[in-house]
Amino acid sequence: MISASKDIILRQEAYAFSHEAVTRHGLTIDEAFIRGIRHIGYRSNLHAIAELIDNSIQAYAQRIDLVFGYSDDGSAKKPNRIAIIDDGHGMPAAMMRLAMMWGGTHREDDREGLGRYGYGLPCAAVSIARCFRILSKLDRAPIFEVCLDLDDLELGSYRAANGLISLPDAQPAELPDFVSQHIQQHYPQGWRSGTIVVLEKLDRVEWTTALGMRTNLLRHLGVTYHKISDLAALYVDGTRVRPVDPLFLTPSADYFGLDDDRAVPLEPVTLSITNPASGRDGLVTLRYSWLPPTFGALDKTRDAVGLNANQRFPILKDYHGIIFSRNGRLIDVQNRLPWTVFINNDRYIRVEIEFSATLDELFGVTTSKQQVSVTAMVWDALRQAGIHKAIEQLRGKVKQAKSFRFEAVSRAPVPKPLAAVVQKRCLTEQAPKAAAPLHSLLVMDGVGGLAANQAHPLFNGSAGAMACAHALQKLVNMLANQASSTGTRAKDEYGDLLTAWCIAAWPDQPDV
Ligand SMILES: Nc1ncnc2c1ncn2[C@@H]1O[C@H](COP(=O)(O)OP(=O)(O)OP(=O)(O)O)[C@@H](O)[C@H]1O
Ligand SMILES: [Mg+2]
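The sequence shown begins at 30 in this note's numbering and counts up by one.
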């Protein structure tokens, strides 16, 4: 076992020992507390489940499984249990009851990892289910279990003779059938150590079918954990969660190479901020990208609506605004900033603020770690680091690319007399600059002219491509004739026109 895991287990034991004689002095009315805390306000089941995944990651799990259990009547449409299984270091039996309690944590106010409050596990569990159990196993030790059933709590089953609520201590236990079946199938070495949280009596599940649950979890967990996906392999109902970078800048993440469109990055910016509450410094990194207008579309000549939306589109829609990520884990997306609001068009600009948990107070991180409330001090620091300008720059790029595409598409079907078009554009507006250099599609022909670049992938020998190549060559020749009689400025204009024409002809080729 790695020594970091041993350290944690020792700390858990010490913590459990020091809390052995925890007595209640009446800070809460237990049943009322539970009723209220069930509505702590996780935005969705997904945010609650992420708390349990955070815990598994922090226990150095290599594999984390979300598994569904079904009722005995054979219906596999809607699960009646959910288990989060990990193969981390597990918990000592004495820690398990504390883990089930609100406030029980061996990592009080830790800023290195994901958890720090001691609320995540029980809050997440009761936000979805009326009953949850924790099973845990240290290496070469038996399995223990603790369970909290809110119905039994209401019935007074946990009340001791002195009138106080007393949660039973961990007991040796067997794995539930659906969990042990899953382990048999997917853990060839067996389950040596780890923790399993089983949610039962599911009364607050948002998704009506297992399919809906699986699809949503796969999509969103891929985004939530994309930066730390190499820490543990995460599976939902047997399917591996693939990382999805919502800025589409990570080549190894899904949808980066879905088609030939690519996100365009701006230079990231890192700044250090001191948290006045603790005197500790923390890093903040700003990442930016903008997307070509066709980025979310299947057929690049049409808008990304309805059936023409590709797999990227839901990500553009769901993660629309500034994305906040804390210690590598996405926690919030906000589209209302103090100085601007992200409108629909802004889906094509992507901004992420990654911050260290040492700055939690400044980012107003809530106990459920699903929301930020950024302080004025941080906004000021971000402004100085250029966030306002960067957002405007990204908006400018998207606008330019859109108008360029619009011109290209509207011009493409009916070729207009070139001289007239050039003249009109010279009079009315500055020509938009090409999105990418022309020379990848065109090359100098050795005698000072332009020719279609036969090495370009467009001219790959297929019948359609060759027809395009010939059409392009014809246009090039025509332009060359015109340009020779009209000087350099017109040459630039012709260049822009040609680029627009190419984009219309091959909208999915980013380097045209
Ligand atoms: N999967 C797990 N493996 C090992 N220990 C765990 C696991 N899940 C929870 N624990 C233990 O239970 C404690 C309580 O977990 P809980 O999620 O409630 O709080 P936390 O992670 O410490 O802080 P936060 O409220 O910020 O999540 C943890 O501090 C840890 O000791
Ligand atoms: Mg936690």
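For every residue, glycine included, the Cβ atom is placed at its ideal position computed from N, Cα and C.
For ligand 2, list every residue whose C-beta falls under 6 Å from any of its heavy atoms, going in chain order. Glu80, Asp83, Asn84, Gly144, Gly149 and Leu150
Give me the DSSP bridge partner(s) of Pro294. Per the DSSP secondary-structure output, Pro294 pairs in a beta bridge with Ser318.
Using C-beta distances below 7 Å, list every residue in its chain close to Leu300, excluding the 5 sequence neighbours before and after it, in chain order. Val313, Ala410 and Ala414
Backbone CA spacing between Ser85 and Leu177 [nearest angstrom]: 20 Å
According to DSSP, is Pro121 part of a helix, a strand, or is it coil? coil
Can you name the residues that DSSP bridges to Leu127? Paired residue(s): none; Leu127 is not in a bridge.
For Tyr68, count neighbouring Cβ atoms within 10 angstroms of its own Cβ and tell me buried if that reaches 16, exposed if not. This sequence places His at residue 68; Tyr is not what is there. In this structure His68 is exposed. Its beta-carbon is surrounded by fewer than 16 other beta-carbon atoms within 10 angstroms.
Buried or exposed, going by whether 16 or more other CB atoms sit within 10 Å of the CB of Trp368? exposed
First through last residue of the beta strand (DSSP E) which encompasses Ala158: Ala158 to Lys166
On a CA-only basis, which of Ile163, Tyr377 and Ala123 is nearest Ala202? Give me that one, please. Ile163
In whole angstroms, what separates the C-alpha of His468 from that of Ala239? Confidence at His468 is low in this model, with a pLDDT of 43, below 50, so the placement of that residue should be treated as unreliable; the coordinate-derived value is given next. His468 and Ala239: Cα-Cα distance of roughly 51 Å.
Helix, strand or coil for Leu231, going by three-state DSSP, please let me know. Under the three-state reduction of DSSP, Leu231 is assigned to strand.
Taking all protein chains shown into account, decide if Pro217 is buried (16 or more other Cβ within 10 angstroms of its Cβ) or exposed. exposed
Taking only runs of the alpha helix (DSSP H) that begin and end inside the stretch 197-282, which ones reach a length of at least 4 residues, in chain order? Secondary structure in the stretch 197-282: the alpha helix (DSSP H) runs of 4 residues or longer, each lying completely within the stretch, are 206-215 and 239-253 in chain order.
Buried or exposed (CB count within 10 angstroms, at least 16 for buried), Gln13: For the chain, the structure presents residues 30 to 541; residue 13 sits outside this window and is missing.
Quick one, which of Val407, Ser73, Ala33 and Phe433 has its alpha-carbon nearest Gly142's? With distances taken between Cα atoms, Gly142 lies closest to Ala33.
Can you find a heavy atom of ligand 1 that lies under 7 Å from the Cβ of Met406? Met406: no, Cβ never under 7 Å from ligand 1.
Which runs of the beta strand (DSSP E) fall wholly inside the stretch 296-357 and span at least 3 residues, in chain order? Runs of the beta strand (DSSP E) inside the stretch 296-357: 309-319 and 351-355.
Hey, how far is the Cα of Pro121 from the Cα of Met129? 13 Å
DSSP three-state label for Ala170, please. Secondary structure of Ala170 (DSSP, three-state): coil.
Return helix, strand or coil for Gly425, following the three-state DSSP convention. Of the three classes helix, strand and coil, the one that applies to Gly425 here is helix, per DSSP.
Any heavy atom of ligand 1 closer than 7 Å to the Cβ of Ala123? no
What first and last residue would you give for the beta strand (DSSP E) that runs through Ile113? Arg110 to Asp115
Considering only their Cβ atoms, is the gap separating Gly350 from Phe384 smaller than 8 Å? No, these two residues do not count as a Cβ contact at 8 Å.
For Val407, which residues in the same chain have their Cβ closer than 8 Å to its Cβ, ignoring the five residues on either side in sequence? Ile302, Val313, Leu388, Leu391 and Phe392
Close Cβ partners of Asn337 (< 8 Å) along its chain, the five nearest in sequence each way excluded: Ala326, Leu327, Asp328 and Arg331
Could you give the first and the last residue of the continuous beta strand (DSSP E) run that contains Val380? Ile378 to Phe384
Classification of Ile38 by the beta-carbon crowding that lies within 10 angstroms, buried from 16 upward: buried
Identify which residue in Asp36, Ala282, Leu278 and Pro275 has its Cα closest to the Cα of Arg269. Ala282
Taking the alpha-carbon positions, what's the His211 to Asp115 distance? Here the alpha carbon of His211 sits roughly 12 Å from the alpha carbon of Asp115.
In angstroms, rounded to a whole number, what distance separates the CA positions of Arg89 and Pro322? One detail in the question is off: residue 89 reads as Tyr in this sequence, not Arg. C-alpha separation (whole angstroms): 41 Å.
Please work out which residues of its chain come closer than 8 Å, Cβ to Cβ, to Gly286, disregarding the five sequence neighbours upstream and downstream, and give them in chain order. The residues are Pro280.
Which residue comes first and which comes last in the beta strand (DSSP E) that contains Val96? Arg92 to Gly98
Is it the case that the CB of Arg136 approaches a heavy atom of ligand 1 more closely than 7 Å? yes
Between Ile352 and Leu359, which are expected to be in contact by the criterion C-beta below 8 Å, what is the C-beta distance as a whole number of angstroms? 6 Å
Examine the Cβ distances between the stretch 103-113 and the stretch 228-242 and report whether three or more of them are shorter than 8 Å. As far as the Cβ criterion goes, the stretch 103-113 touches the stretch 228-242, which means the pair count is three or higher.
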